Amino acid sequence: MSTSPTPPATPAPPAPVIFDLDGTLVDSEPNYYEAGRRLLAGYGVPDFSWEHHTRFIGIGTRETLEVLSREFGIDAPVEELLEGQNRTYLELARAHTAVFPEMRAFVERLAAAGHPMAVASGSSRSAIEAVLAGTGLDALLTTLVSAEEVAHGKPEPDVFLEAAHRLGADPGDCVVLEDAAPGALAAHRAGMRCIAVPYVAATADDPAFTSAGLLFKGGQGEFTARAAYDWLGQPVRSSP
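In the working numbering, the protein residues as written are 92 to 331.
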């Protein structure tokens, strides 16, 4: 009695990958800090430090300004602050924004292999578009979601879920790249796997990063496109 040969297994489609922008794809935090410092100086806050700024890495611009206006007693509408911050940031971003070299290599490798990709960021859409255009990444990253376009910013999962929706992907199939604890938590809440590359080394032990499937505790200095891509291709292990 003959038996039919077992048909070959169908390979899984390339996993959709969703990138945070600031601090993950590009080193934009110095520009955000300088824009915030100039903005606050104009409202009578002369000593806004880098250390103070790092508290808000991974938090959307609007949410950051809401907190800062309360902390420093700034009597101005948040919309006014947001407009001023974005205007100065865009001037700085267009002049120069550095892409992390291994992240560019990773994006190019994903594109060559056919992985759907998106950017989901707490920045304004105009800021996202300006940065991607200025770095040339806009040719490969065309699906964009700003925190302005969803109800809640990170650490809520809204931007990542919207990115998955726009990619036509199931959230459980998606992989997020993040540099900040609020973003890693948002990815977990969205039911997505996460590759974490902490921008601030001191945050690497934050509990939010424990849910990351792959953690580069040394940040961008440790991250490589090859290691991330190799991990991406590993079978997903279901929870017992």
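Think of the CB as a built atom: it goes at the ideal place given N, C-alpha and C, for glycine as much as any other residue. Please read all numbers here as calculations on a predicted model, not as lab measurements.
Check, Outcome
"Residue burial classification, Thr-239 (beta-carbon count within 10 angstroms, cutoff 16)", "Residue identity check: residue 239 is Glu in the sequence provided, not Thr. Glu-239 is buried by the Cβ-count criterion."
"Anticipated Cβ contact below 8 Å, Leu-306 with Pro-107, distance rounded", "Actually they do not touch by this definition, with Cβ atoms about 20 Å apart."
"Residues near Pro-181 by beta carbon distance below 7 Å, same chain, minus five either side", "The residue you asked about is not Pro; residue 181 is Leu in the sequence shown. Within the same chain, Leu-181 has close Cβ partners Ser-217, Ala-218, Ala-221."
"Thr-115 to Asp-321 span [Cα, whole Å]", "19 Å"
"Spatial neighbours of Met-92 in its chain, beta-carbon cut-off 7 Å, leaving aside the 5 residues before and after", "Here Met-92 scores only 48 on pLDDT, less than 50, and its place in the model should not be relied on; the value that follows carries that caveat. Result list for Met-92: empty, nothing under 7 Å."
"Whole-angstrom C-beta distance between Ile-165 and Tyr-134, which should lie under 8 Å", "5 Å"
"Rounded straight-line distance, which links the Cα of Ile-286 to that of Ala-319", "8 Å"
"For Ala-230, the three-state DSSP class (helix, strand or coil)", "helix"
"Own chain, CB closer than 6 Å to Val-190, minus 5 neighbours either side, in chain order", "Val-117, Thr-226"
"Ala-293, DSSP secondary structure in three states", "helix"
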